[in-house]
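Residue numbers (the numbering used here): 150 to 229.
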């Protein structure tokens, strides 16, 4: 995963800490952020063999923007 890019979880982790359908991103300091379920998680707690088997794809509905200086998923709007 690239840092500061929003992803959709397409396969949950075996321990179900990272869940199917969640929106996640990896910050510059290697903290994994979850919108829907776990909040934040340090790399040492999620990048463990047997638990880091989740799969993601780039999010198509939202992008990682900013609101009041904090990272925030924002909806992608197409203007015709």
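Virtual Cβ for every residue (Gly too), placed ideally from N, Cα, C.
Helix, strand or coil at residue i according to DSSP, with G and I counted as helix
i, result
"residue 193", "helix"
"residue 168", "coil"
"residue 233", "In this structure the chain extends from 150 to 229, so residue 233 is not present and cannot be described."
"residue 173", "strand"
"residue 160", "strand"
"residue 224", "strand"
"residue 207", "strand"
CA nearest to the CA of residue i, picked from the options
i, options, result
"residue 175", "218, 158, 217, 165", "158"
"residue 152", "162, 227, 220", "220"
"residue 163", "201, 155, 227", "201"
Short Cβ contact (9 Å threshold) for residue i with residue j
i, j, result
"residue 185", "residue 168", "yes"
"residue 192", "residue 179", "yes"
"residue 198", "residue 155", "no"
"residue 224", "residue 211", "yes"
"residue 166", "residue 187", "yes"
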